[in-house]
Structure formats: C-alpha cells, structure tokens
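Trainee: So the protein lines, in turn, are chains V and L.
Using the working numbering, the letters of the first sequence correspond one by one to residues 135 to 593.
Using the working numbering, the letters of the second sequence correspond one by one to residues 2 to 347.
First the structure, then my questions, so here it is.
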Amino acid sequence: MKFKGGYNVALKGKPAPRVQDLPESEVLYLPLRSLRFNFTKLCVADGQDVAQGQVLAQDPDNHSVPLLAPRAGTARIESEAGHLVIEKAHDSQEACVDTSTEFPAPPPELGETGARLDTLLRAGVWQYMADPFTGGLPDPYVLPRAVIVSPSCSEPFVPDPGVLLKDRGDAFIRGLEFLHTASGDGPIHLLLPPGNSKGVLELRNAAGQCPWLALLEIPAAYPFDNAHLAAQRLGYGNGGRVWAIGLEGVIAAGLVLGSDKPCLERIVAVGGPCVTEPCHVKTVVGYPLSQIPGVPEGTESAPVRLINGGALTGAVAPRDQRGLSAECRALTVLAENTKREVLAFADPGFGKHAFTHTFMSALRPAFLERYTTAVRGEGRPCLSCAACEDVCPAGIMPHLIHRYVNKKRLTEAARFGLGLCVECGLCSYVCPSKIEHRHEFLEAKETLRLERQAEEEHA
Amino acid sequence: MKWLLDLLEKMRPLFEERGKFALLKPIFETAENIFFYPSTCTPHAPHVRDPLDIKRFMGVVLVAMMPCIAAAFYSFGIRVLWMILVSYVVGGICEVTFAIVRKGEVHEGFFVTGLIFPLTLPPTTPLWVVGVGILAGTFFGKEVFGGTGKNIFNPALVGRLFVTIAFPTMMSGAVWQLPCTDAITAATPMAQFMTRQEMIPLMDLLLGKTGGSIGETFHLGIIIGGLYLMYTKVADWRIPLSYLGSVFVFALVGNMVTPRIAPPLFQLLGGGLLFGVMFMATDPVTSPFTRSGKYVFGVLCGLLTVLIRAFSIYPEGVMFSIVIMNAFVPMIDHVVLGLKYREATA
Numbered sequence: 135m136k137f138k139g140g141y142n143v144a145l146k147g148k149p150a151p152r153v154q155d156l157p158e159s160e161v162l163y164l165p166l167r168s169l170r171f172n173f174t175k176l177c178v179a180d181g182q183d184v185a186q187g188q189v190l191a192q193d194p195d196n197h198s199v200p201l202l203a204p205r206a207g208t209a210r211i212e213s214e215a216g217h218l219v220i221e222k223a224h225d226s227q228e229a230c231v232d233t234s235t236e237f238p239a240p241p242p243e244l245g246e247t248g249a250r251l252d253t254l255l256r257a258g259v260w261q262y263m264a265d266p267f268t269g270g271l272p273d274p275y276v277l278p279r280a281v282i283v284s285p286s287c288s289e290p291f292v293p294d295p296g297v298l299l300k301d302r303g304d305a306f307i308r309g310l311e312f313l314h315t316a317s318g319d320g321p322i323h324l325l326l327p328p329g330n331s332k333g334v335l336e337l338r339n340a341a342g343q344c345p346w347l348a349l350l351e352i353p354a355a356y357p358f359d360n361a362h363l364a365a366q367r368l369g370y371g372n373g374g375r376v377w378a379i380g381l382e383g384v385i386a387a388g389l390v391l392g393s394d395k396p397c398l399e400r401i402v403a404v405g406g407p408c409v410t411e412p413c414h415v416k417t418v419v420g421y422p423l424s425q426i427p428g429v430p431e432g433t434e435s436a437p438v439r440l441i442n443g444g445a446l447t448g449a450v451a452p453r454d455q456r457g458l459s460a461e462c463r464a465l466t467v468l469a470e471n472t473k474r475e476v477l478a479f480a481d482p483g484f485g486k487h488a489f490t491h492t493f494m495s496a497l498r499p500a501f502l503e504r505y506t507t508a509v510r511g512e513g514r515p516c517l518s519c520a521a522c523e524d525v526c527p528a529g530i531m532p533h534l535i536h537r538y539v540n541k542k543r544l545t546e547a548a549r550f551g552l553g554l555c556v557e558c559g560l561c562s563y564v565c566p567s568k569i570e571h572r573h574e575f576l577e578a579k580e581t582l583r584l585e586r587q588a589e590e591e592h593a
Numbered sequence: 002m003k004w005l006l007d008l009l010e011k012m013r014p015l016f017e018e019r020g021k022f023a024l025l026k027p028i029f030e031t032a033e034n035i036f037f038y039p040s041t042c043t044p045h046a047p048h049v050r051d052p053l054d055i056k057r058f059m060g061v062v063l064v065a066m067m068p069c070i071a072a073a074f075y076s077f078g079i080r081v082l083w084m085i086l087v088s089y090v091v092g093g094i095c096e097v098t099f100a101i102v103r104k105g106e107v108h109e110g111f112f113v114t115g116l117i118f119p120l121t122l123p124p125t126t127p128l129w130v131v132g133v134g135i136l137a138g139t140f141f142g143k144e145v146f147g148g149t150g151k152n153i154f155n156p157a158l159v160g161r162l163f164v165t166i167a168f169p170t171m172m173s174g175a176v177w178q179l180p181c182t183d184a185i186t187a188a189t190p191m192a193q194f195m196t197r198q199e200m201i202p203l204m205d206l207l208l209g210k211t212g213g214s215i216g217e218t219f220h221l222g223i224i225i226g227g228l229y230l231m232y233t234k235v236a237d238w239r240i241p242l243s244y245l246g247s248v249f250v251f252a253l254v255g256n257m258v259t260p261r262i263a264p265p266l267f268q269l270l271g272g273g274l275l276f277g278v279m280f281m282a283t284d285p286v287t288s289p290f291t292r293s294g295k296y297v298f299g300v301l302c303g304l305l306t307v308l309i310r311a312f313s314i315y316p317e318g319v320m321f322s323i324v325i326m327n328a329f330v331p332m333i334d335h336v337v338l339g340l341k342y343r344e345a346t347a
C-alpha cells in the first residue's frame, strides 16, 4: 500500500515513557460535556452518596453511554457549573459494574456477545469506540463487519503505545479476542507503525498470539495511524458497521471482561513545550486540572492554553473546565503567543521548523522546537502553492476544496473529496496564507450532513 | 525595537476611524506588520503553525533573484537601481491606492512583481516607460482581477507586454547595451540568430556576456536562483522541468527539420527563457494548480516558445508564450479535474 503526505511536527515536550501515579484528590470535577458526549440525563441526586463505578449520568443521544463515578463519595450537582462534583472522594476498593441503571437492552439473538457488549457499555468502555468515517459513536448492538485497531500515537502528544501496553498485554489480547468474536469472521485490522520501540514490539507480540489479526504496516509519520484514513485505504465505504478503537479501548475492554470490574483509571499523556516534566499520568476522570504536576498555571501576562487532546486536533479546554473530561486521553499545554516577532520574514530561522526548506533549520540535524499558539503570519488569499496538497494524507487538494467551500459551493467541494478529509489538520498547519482549512472543512461537512438529513426527512 | 513599537502605538490613533489619516490605514498597517508580526493566536485546531508565511514566501523569491540583480548592477551600472526604484514606487502607489479602496492590506506579491518587471526590460529603457509599464502591469494584470491570488495573468508580464506593444521602438532594435560597456547594439543572441543565423558561444551566454534585458543575461545566476526556489519548494519543479524539457525536445526535432529553429542548448541559454521559466512561469497563482496540469502548461509553453522564436517577427517568445498559456490555465485545470474526478461525477 502506498502512502503519501504526512508530516511530523517537531514539537518540544514529548511525554516521557513512564507513568506517574497521581495522589488521590478529595474532590473530583467531572465535566458533563466532552468532545462527543453530552451527559444530560443525571442519575443521581444532589448530596447523594455514590459508590465507585456507579452511573452518575448518561448521554441519551449516544446509546446512553454512562459517566461513571471514578471514586466513591458524595455527589454535588449544582456547586460547579457544567460539572458533577464528587466530594469526599476516596478509593473504596470495591468497584463493580453498575447493573441497576437502565440501559438499552441487547437484542436476544446476540446471546453471549450481546451480554458482554452490555457489560462494556455499562462499564464505560463503549465510549472508546468510534465510527471511523463520522467519528461518532456506533450502535453497540449492530455487530461490525470489520474492526480497525489503531495505536493512534503519532500526534503530538498522545499516549505512547509502549506505556499503555506495559504489563497490560494480556488485557490487550483479551480485548482483541472479544472484538474477534464480536465481528464474526470479519477482519480485525491492527495498524502497525515501523520501528522496534517497546510499544511496537508489544503490538507485534500480540499479533503473534492472534493469528487472525490483519496487520497493516503504516509509515512513522502523522497521521497514518488515523482510523478514518485506514478505513478508506482498506476500501471500506461509508456504510457503517466498521468499528475503530484505540489501544486504550481494547485494553479497557480486556480488563473489564477479565475482572467484571469497571475500568476507572486511565493513562493520560501530559505534554507540551511549557510542561516542566512531560510524562504520562495514571489518574481518573474528573481529576482537578490544577493539581496535575508540571502543568503551568496561566497568568495574565503569560497565559497558557490547555488542550484536550493533541496539538493538532485537540479541542481547547473551556476556561471553566475544572477536571479531566470523560474522553481525555491527552493534555497538551501550549503557551499562548503574546510576543510580536520583529522582522520575522528576514529571520534566518535556525530554530524554526518549516515544512518547506525556507528556513535555515533545513540545514540542521533534527531538533525539537518550542512552539506557541502563534499563527505566525497574516491571513492572505490562497496562492495555490499546494503545500497543503503535499502534506495531505488523504490525497485530496485542500486548496481546491477551500476555493469551493469559501464560495459556499459545497456540492463541488464534496465532489472534489471533502468527505475524504480525515481532519488531521496538516493543511492548516502548513498553509503560508494561514487559511483555517480544517475548521472550514469541519463546518462544511456538518452543513452537508444537516442538509442530507433534512432531505431524508423530507423524503 | 521597543522604541519603534512605542512610536507605532503613539501613531495608531491617527489612523484609526475618525483619526486624521484614517484613509491611510492600510499603509500604516502594512508598515507596522513588516516590522512587527501580529501577535495573533490560532483560533482553531491545529494549535501550532508552520513559520512560513506569505512575506517569507515572497522573500525567498527575492533572495532567489539576487544573483541576477547583482549581475545586472555589475553589467549595467547604477541605472538598474533607478529602474527598480521607479518600478517599486509607481507600482507601490498603485497597490496602496487599491488597498485603500478595498480597505484591505497591501499584499506582498507586489514586492516580487515590482522587482521582476524592471529586470525584463532593455537596459536603455527610459525611466518613465518603466513607470508606465509597472502601472499597466499592476493595474490591468492584477488589481482589476481583485488582487494577488485572483489574477489570471502574471502582472509583470502584462506590464512587459504593454510596453512592448505601446513603445515598440524602445523595446527592440538598437536598445541593447552590451554588459560593462557603453556600446549599444541591436543584436541580442536571439536576434542575431534570427537575422544572420549566428550563434554566440554557450559559455558567453551562461556568464552573461551578451546583450539582453537587464535580468536575463546572467544565466548562471538564474539557474542558481531557480534551483534555490525549487529546493525551498517555493517553486514547483514540475513546470521548469517540463518547460525546459519541451523546449529542448522541440528544438532538437525542429532544428533537424528547419534551420530557422535554433539548436536546443542555444535555445535554453539564449534570451529570456531561463528567467521566464524560473521566475514567471512558476508563479503559483497564474500556473495550473493541478500537478498534471503543470506538465501540460510547461510543455505547451515550451512548444509556443520554440514556434514564436522561429516563425514570428519577434526573436523572443517566452513572454508571449507564458501570457498565452496563462489564459489557458483555468481550462487546463478544468480538464484535468474533469478527468481526475470522472468517477465521482458518474
């Protein structure tokens, strides 16, 4: 398989491949919104004592995925806007899967698989699953024809596969075996980056134990571990019934199915140029952001940006977000740009990484750069320089699509491959005219989706 | 540089709405942003951005032209400076006027146009003709289309075309000063070949010891500049490759058929071919944006150049062929996209 495009942003502050256990926090702030989920259906009352693993809230629009209580304590609903707070939080050591809350029931014909899917849904594992094409949550009770397992580790900065798999290889394999059963005879594709790092060796080891795994060797550049891209490459149409899941999800599934306990701890990568000691932390959802070590507190004169996710596709943590959100796998911290660079166009640029060889850094051996959130230039009309086309992993022409999206001619934009965009953000990253391709395309896709939905309802 | 920033801050109210010079806001902003980049933060993901911007992009083109300019100074003296200055001042006034009318910023592309244009002129061109030419180029070549990024024709070439047709006596005949002398001649290498079938030695062509437009004679410098542009990926290598390749092939074949067509190496190193290929045909705005379209564009440019050089009254055909092909760019892209996305529409 031939891959084109892709690019590794040399961002400083890669999390060290070790896991730091965070001390227990007495108060947990669980955001009721995350990137995909909106936990609007509350299942507990204010002041109620909750058990570890109990369902606190559900997202009624997403197959009732639950927000679990990561620790036992007292629930507070109104003390913090947008959050569910657990006071007097403590590890009760007796977490169990909540079976009392109502969830959509598995259809009886699914039998054993259905029961296990029900457990995964209740134990908060289903939220790791995604439809590779839409990014949305697939229906747990429509079994897939194929599953794509991606280490998704190439974006700066997301957890390192070696860290995730350390001592948890068995759970990983158990998770894979479950997916194998669930998909019937459908293939389980495992994306395999090159090299012989710990993570890759673990993945190879897993592949050795599961002969039915279909390996897909991918290049070592961002974003070839993207599940959407892989699904396109593997020739799956946007017809649904393909599941995409990361290592965290497979491991969590394995842990839950092996112990019948919900998987409440998670490993989060904390990285970025202004984190003092970037590393991975083992923690729970709702852990106060201010207590995570190494994360600088922004001040008036030196503000920082907290990002839920990586530096290229992550979402800015809202100002009022107090704790780790339910979907957070990485926390990237960048200094907001406050400086006005002097004569930057004449800078020889030994310390500046550029995709094109327009800075002297092209003559230097590999190094990492302290990026800030600076746009580094002024917005200009597109010159069709085609840098975006050079980096695009999906093989589309972002500059062409931008033309049509800009003119609100979405039908043409779709014809030229808007739907193939995997939202990796590299086009916006390289654009010398500083055009917000990724954001533009996301909006255009959403508009198209709504239009199609309206058409269907009309018909 | 703190003092300058303070000064700018002090001056800012003058250019704000209701300020004394509110009309000149684009000039103020341009000046400000040349010295101090805006401190904008990324509004959406990706949260980090590549340092390349349009100022740097155009700056790289200017750097690539430095060998030609240095050679021009060496060969034709201080006159070159006046020509460049006139071009920048007159073109700049035009650009700024439009920026004011549009209430937008001054776009950096002008810095390239304003430098390329004088380099395409004969060394004896009167300064007022330089002014008229750049005005026509900026106005008709760029501003009427809506500014940088929206123009169909290369503005510098439009200007050059305008003066060629408007002032034929000043653009051809005995207007070519020989490098490092005061001697004026009518004979550029291409003209000499056309009238007398004489060929200048290739080494003289390479080192720029012949008459010609001020920027086009020192071919070694142009080659270095062009390679630099391609190395930095500011210019796409596909156009120079296909353009030069097609000139070579058509000249090779044509030379066997008729002696009116000059042999390939002479074609490549004579006249304005290399300058046009490296700095004008590669302009991303006015060349096809599709990859295969770039090859088509280059090959057709090459064919036209060879034909015009051999069979028209002009000894030189690069300017015409690029402008003609500029007009076909939207069509080339349309056809290429139509073929590429054929399945999608069916």
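Even glycine gets a Cβ: it sits at the ideal position worked out from N, Cα and C.
Closer than 8 Å by C-beta to Gln198(L): which residues in its own chain qualify, once you throw out the five before and the five after it? Chain order, please.
Mentor: Pro260
Trainee: Nearest to Ser435(V) by CA position, among Lys416(V), Lys473(V), Leu398(V), Val429(V), is which residue?
Mentor: Of the candidates Lys416(V), Lys473(V), Leu398(V), Val429(V), Lys473(V) places its Cα closest to the Cα of Ser435(V).
Trainee: Less than 7 Å separating the beta-carbons of Leu25(L) and Val87(L)?
Mentor: no
Trainee: Are the C-beta of Ser562(V) and some C-beta of chain L separated by less than 7 Å?
Mentor: yes
Trainee: Assign Arg338(V) to buried or exposed, taking buried as 16 or more other Cβ atoms, counted over all protein chains shown, within 10 Å of its Cβ.
Mentor: exposed
Trainee: What are the residues of the stretch 420-439 of chain V that lie near chain L, defined by any Cβ-Cβ distance shorter than 8 Å?
Mentor: Arg439
Trainee: Please report the residue range of the beta strand (DSSP E) in which His592(V) lies.
Mentor: It is not in any beta strand (DSSP E) - His592(V) instead sits in the alpha helix (DSSP H) that spans 571-592.
Trainee: Can you tell me which of the three DSSP states His491(V) falls into?
Mentor: coil
Trainee: Between the alpha carbons of Pro482(V) and Pro357(V), how many angstroms are there, rounded?
Mentor: 29 Å
Trainee: Does DSSP put His48(L) in a helix, in a strand, or in coil?
Mentor: coil
Trainee: Give the secondary structure of Leu145(V) by DSSP, where H, G and I count as helix, E and B as strand, and everything else as coil.
Mentor: strand
Trainee: Who are the Cβ neighbours of Leu576(V) in its own chain at under 7 Å, not counting the five residues just before and after it?
Mentor: Here the set comprises Glu557.
Trainee: Is the Cβ of Val509(V) closer than 7 Å to any Cβ of chain L?
Mentor: With 7 Å as the cut-off, Val509(V) counts as an interface residue toward chain L.
Trainee: When we look at the beta-carbon of Val334(V) and count the other beta-carbons within 10 Å, is it buried (16 or more) or exposed?
Mentor: buried
Trainee: Under 7 Å between the Cβ atoms of Val369(L) and Val286(L)?
Mentor: This structure does not reach residue 369(L), given that chain L is present from 2 up to 347, and the question cannot be answered.
Trainee: Grab me the residues of Ala348(V)'s own chain with a C-beta within less than 8 Å of its C-beta, minus the 5 sequence neighbours each way, in chain order.
Mentor: When the five nearest sequence neighbours on each side are left out, the beta carbons in the same chain lying within less than 8 Å of the beta carbon of Ala348(V) are those of Pro321, Ile322, His323, Leu324, in order along the chain.
Trainee: State the CB to CB distance for the pair His217(V) and Ala206(V), rounded to an integer number of angstroms; the pair is presumed to be in contact (CB under 8 Å).
Mentor: So it is not a contact: roughly 18 Å between Cβ atoms.
Trainee: What are the residues that DSSP puts in a beta bridge with Glu351(V)?
Mentor: According to DSSP, Glu351(V) bridges with Leu326(V).
Trainee: Check the Cβ-Cβ distances between Glu228(V) and every residue of chain L, and say whether any is below 7 Å.
Mentor: no
Trainee: Please tell me whether Phe137(V) and Pro285(V) are closer than 7 Å, where the distance is taken between their beta carbons.
Mentor: no
Trainee: In or out: Pro14(L) buried (at least 16 other Cβ within 10 Å) or exposed?
Mentor: exposed
Trainee: I want to verify the contact list: residues of chain V whose CB lies under 8 Å from the CB of Arg13(L), in sequence order.
Mentor: Here the premise fails: no neighbours, minimum Cβ distance about 13 Å.
Trainee: Report the CB separation of Val564(V) from Ile401(V) in whole angstroms; it is logged as a contact under 8 Å.
Mentor: Not a contact, Cβ separation roughly 31 Å.
Trainee: Beta strand (DSSP E) containing Leu244(V): first to last residue?
Mentor: Where Leu244(V) is concerned, there is no enclosing beta strand (DSSP E), given that its DSSP letter is neither H nor E.
Trainee: Chain L partners of Tyr505(V), CB-CB under 9 Å?
Mentor: His48, Val49, Arg50
Trainee: Using a C-beta to C-beta distance shorter than 7 Å, which residues of chain L count as neighbours of Lys486(V)?
Mentor: Pro52
Trainee: Under the three-state reduction of DSSP, which class applies to Met76(V): helix, strand or coil?
Mentor: Only positions 135 to 593 of chain V appear in this structure, which leaves residue 76(V) out of reach.
Trainee: On the three-state DSSP scale, how would you describe Pro265(L)?
Mentor: helix
Trainee: State the Cα-Cα distance for the pair Tyr538(V) and Ala578(V), rounded to the nearest angstrom.
Mentor: 10 Å
Trainee: Can you tell me the Cβ-Cβ gap for Ala229(V) and Lys395(V), rounded? I've got them flagged as a contact below 8 Å.
Mentor: 5 Å
Trainee: What does DSSP give as the partner residues of Phe37(L) in its beta bridges?
Mentor: Val476(V)
Trainee: What does the alpha-carbon distance come out to for the pair Cys69(L) and Glu289(V)?
Mentor: 43 Å
Trainee: Do Pro278(V) and His197(V) have their CB atoms nearer than 7 Å?
Mentor: no
Trainee: For a quick check, are the C-beta atoms of Tyr38(L) and Glu475(V) less than 7 Å apart?
Mentor: yes
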